[in-house]
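Trainee: Numbering (our numbering), first residue to last: 16 to 375.
Mind looking over this structure? Questions follow.
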Amino acid sequence: MKSNIIRTFGLAAICLAGAISISCNSDKKTEEKTEQQPKVIGVTIKAACTKDVPQFEIFTGTVEGFNLNNISPQAPGRIERIFVEVGDHVSRGQRLAQMEATNLTAAKLQMENNKLEFERTKQLFEIGGASQSEYDARKMAYEVSLNSYNNLAANTYLISPISGVVTARNYDAGDMYAAAMPLYTVQQIRPVKIKVNAPEGLYGKIKKGQKVIVKLDVYGSEEFEGKVHLVYPSLSATSRSFPVEITIANANERVRPGMFARVTFTYGTERNVVVPDVSVVKQMGSGDHYVYTVVDNKVVFNKVKLGQLIGTEYEIKSGLNEGDMVIVEGQNRVVNGQEVKATVGEPASFVPDNLVEKTQ
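In structure tokens form, the structure reads like this:
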């Protein structure tokens, strides 16, 4: 009797353990099945639209004097006097410095003597007291000495060939000039010029006389009006670019040589698709950009070519169409082809009302 009771309890315990095991396995399979089901992620979308986008390019360059002259004497010699300093305004023809004048004095005496001899010979020649050869010889001697004197005078008194500002002086009075560096540098700063290199795709769009906007780092966001002064007629075979010179009138002389400049060229508008800048994703390790769209509740990756960034909107040159619903929130949590739950966000300023209906 006792043996039967033990056997009965044993069978009951086995059945109970089996039931518990089946129940646990069933719950585990349910959990695994639930985990395997992909989660539907919620994203926010907005409609892309077209818009007239200003077309512009920005190039950088350094301000230069419109003309630059390095002024030095023709031959080495001692500098006797300095007449102007760095920063001084000078006029064309103004004296800048005086070199040692000993040789000039000797040349002047020689020239004056030859002049006197020539005038005497000329008088004799006119009355038949001198031959043609004597007249010609005296005339040549005088002209040679006169040219020598004028040349020496030009290198004794250094003259500015342009009106401008002295931007460099490399010697002091009393120094012996050597040809290593110019004595003075004078630059014309009314106007000034900026040279930039533009890509060949703009060759037909940049024209002589075209107005541009110039910003200088030293003056922050202040704008200066410039004008295309020269478009070089040939392109570099290496860089596929061409030089362009821009001038600024610079009447108040606030723009100075050496300043860093940013030059903006504008050339009309183009009607292209625009999207919020937050919707643009850059692929790591490359220069590719993508915009994620939602089609039939599934994510589609669209490789795009970007244009201008205007405020908080990106111009899309290719890769999207007007009306495409782009993801503006949650795009970092999705993969291509994934099913999502899309909610249309507040329409952006550029989105037509008939394209977007806000979901409550």
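Cβ atoms here follow ideal geometry from the backbone N, Cα and C, with glycine treated the same way.
What residue does the beta strand (DSSP E) around E215 start on, and which one ends it?
Mentor: In the sequence shown, counting from the first residue as 1, residue 215 sits at position 200. First-last for E215: undefined, no H or E at that position.
Trainee: So, using beta-carbon positions, are I221 and I263 closer together than 9 Å?
Mentor: Residue mapping note: residue 221 aligns to position 206 of the sequence shown, counting from 1. Residue mapping note: residue 263 aligns to position 248 of the sequence shown, counting from 1. No.
Trainee: Check each candidate in V309, F280 and I228 and name the one with the smallest Cα separation from S294.
Mentor: To locate residue 294, count along the sequence shown from 1; it is residue 279. For S294, the nearest C-alpha among the options comes from V309.
Trainee: Across the region 111 to 119 and the region 167 to 181, are there enough close Cβ pairs to call them in contact, namely three or more that are closer than 8 Å?
Mentor: Yes, they touch.
Trainee: Which first and last residues belong to the alpha helix (DSSP H) in which S148 is found?
Mentor: Within the sequence shown, the letter at position 133 stands for residue 148. Run containing S148: Q147 to T171, per the alpha helix (DSSP H) assignment.
Trainee: State yes or no: is the C-beta of L111 within less than 9 Å of the C-beta of V181?
Mentor: Against the sequence shown, residue 111 aligns to sequence position 96. Against the sequence shown, residue 181 aligns to sequence position 166. Taking 9 Å as the Cβ cut-off, L111 and V181 qualify as a contacting pair.
Trainee: Starting from the C-beta of T443, find all residues in its chain whose C-beta is less than 8 Å away, skip the five residues before and the five after it, and write them out in chain order.
Mentor: The first residue shown for the chain is 16 and the last is 375, placing residue 443 beyond what the model contains.
Trainee: Are I342 and V319 closer than 9 Å when you measure CB to CB?
Mentor: Position 327 of the sequence shown holds residue 342. Position 304 of the sequence shown holds residue 319. No, they are not a contact pair.
Trainee: Taking 9 Å as the CB-CB cut-off, is E215 touching chain B?
Mentor: The chain labelled as chain B is not found in the depicted structure, where only one protein chain is given.
Trainee: Between I261, K242, E215 and Y192, which lies nearest to A252 when the distance is taken from Cα to Cα?
Mentor: The residue given as residue 252 occupies position 237 in the sequence shown. Selected option, being the one with the closest Cα: E215.
Trainee: Counting along the chain, where does the beta strand (DSSP E) carrying M299 start and finish?
Mentor: Counted from its first residue, the sequence shown places residue 299 at position 284. M299 -> no beta strand (DSSP E), and no H or E assigned at all.
Trainee: For the beta strand (DSSP E) holding M340, just list the boundary residues, first then last.
Mentor: Taking the sequence shown and counting its residues from 1, the one referred to as residue 340 is at position 325. Run containing M340: M340 to E344, per the beta strand (DSSP E) assignment.
Trainee: Within the same chain, show all residues whose beta-carbon is closer than 7 Å to that of E285, passing over the 5 residues directly before and after it, in chain order.
Mentor: Start at 1 with the first residue of the sequence shown, and residue 285 comes out as number 270. Only V68 and Q70 meet the Cβ criterion.
Trainee: Leaving out the 5 sequence neighbours to the left and right, which residues in its chain are closer than 7 Å to R271 when beta-carbon positions are compared?
Mentor: In the sequence shown, counting from the first residue as 1, residue 271 sits at position 256. Excluding positions up to five away in sequence, the list reads V78 and I204.
Trainee: What is the DSSP secondary structure of Q89, counted as helix, strand or coil?
Mentor: As a first step, residue 89 must be located in the sequence shown, where it is residue number 74. Residue state, collapsed to three classes: coil.
Trainee: Anyone know if the C-beta pair for F133 and Q113 falls short of 9 Å?
Mentor: Position 118 of the sequence shown holds residue 133. Position 98 of the sequence shown holds residue 113. Cβ atoms of F133 and Q113: not closer than 9 Å.
Trainee: For the alpha helix (DSSP H) that contains F140, what are its first and last residues?
Mentor: On the sequence shown, position 125 is the one that residue 140 refers to. Residues T117 to E141.
Trainee: Can we say the region 81 to 97 touches the region 54 to 63, given the rule of at least three CB pairs closer than 8 Å?
Mentor: No contact exists between the region 81 to 97 and the region 54 to 63.
Trainee: Among Y218, P206, P258 and G334, which one has its Cα closest to the Cα of N265?
Mentor: As a working mapping, residue 265 is identified with position 250 in the sequence shown. Out of Y218, P206, P258 and G334, P206 has the C-alpha closest to the C-alpha of N265.
Trainee: Please report the straight-line C-alpha distance between K48 and V355, rounded to a whole angstrom.
Mentor: Numbered from its first residue, the sequence shown carries residue 48 at position 33. Numbered from its first residue, the sequence shown carries residue 355 at position 340. Interpretation of K48 is limited by its pLDDT of 49, a score under 50 that renders its predicted location unreliable; the figure taken from the coordinates is listed afterwards. Cα to Cα, the separation comes out at about 20 Å.
Trainee: Relative to the C-alpha of Y247, which candidate in S254, P258 and E240 has its C-alpha closest?
Mentor: Sequence index remark: in the sequence shown, residue 247 carries index 232 (1-based). Closest option to Y247, Cα to Cα, is P258.
Trainee: Out of P291, V315 and E158, which one is the CA nearest neighbour of K66?
Mentor: Residue numbering aside, residue 66 sits at position 51 when the sequence shown is read from its first letter. The candidate whose alpha carbon is nearest that of K66 is P291.
Trainee: For S36, I'd like the list of residues in its chain whose CB is within less than 7 Å of its CB, leaving aside the five on either flank, ordered along the chain.
Mentor: The residue labelled residue 36 in the question sits at position 21 within the sequence shown. For S36, the predicted model reports a pLDDT of 49, less than 50, meaning its position is unreliable and no value from the coordinates is stated.
Trainee: For R184, which of R348, Y157, D103 and Q109 has the nearest alpha-carbon?
Mentor: Counting from 1 along the sequence shown, the entry for residue 184 is found at position 169. Cα-wise, what sits closest to R184 is D103.
Trainee: Report yes if the CB atom of K226 is closer than 9 Å to the CB atom of K242, and no otherwise.
Mentor: Mapped onto the sequence shown, residue 226 falls at position 211. Mapped onto the sequence shown, residue 242 falls at position 227. Contact: yes.
Trainee: Looking only at DSSP bridge pairs, what is K223 linked to?
Mentor: Within the sequence shown, numbered from 1, the residue matching residue 223 stands at position 208. K223 is not bridged to any residue.
Trainee: E141 to P197, Cα distance in whole Å?
Mentor: Mapped onto the sequence shown, residue 141 falls at position 126. Mapped onto the sequence shown, residue 197 falls at position 182. Approximately 49 Å, taken between the alpha carbons.
Trainee: Using the C-alpha atoms, what's the distance from Q138 back to A152?
Mentor: Walking along the sequence shown from the start, residue 152 turns up at place 137. Walking along the sequence shown from the start, residue 138 turns up at place 123. In a straight line, the C-alpha of A152 is about 14 Å away from that of Q138.
Trainee: Assign S294 to one of three DSSP states: helix, strand, or coil.
Mentor: Stepping through the sequence shown from its first residue, residue 294 is reached at position 279. Of the three classes helix, strand and coil, the one that applies to S294 here is helix, per DSSP.
Trainee: Do you know offhand how far I325's Cα is from I331's?
Mentor: For the purposes of this step, residue 325 is taken as residue 310 along the sequence shown, with counting starting at 1. For the purposes of this step, residue 331 is taken as residue 316 along the sequence shown, with counting starting at 1. Rounded to the nearest angstrom, the two C-alpha atoms are 11 Å apart.
Trainee: So what does DSSP say about V355, is it helix, strand or coil?
Mentor: As a first step, residue 355 is located in the sequence shown; it is residue number 340 there, counting from the start. Note: V355 maps to strand in three-state DSSP.
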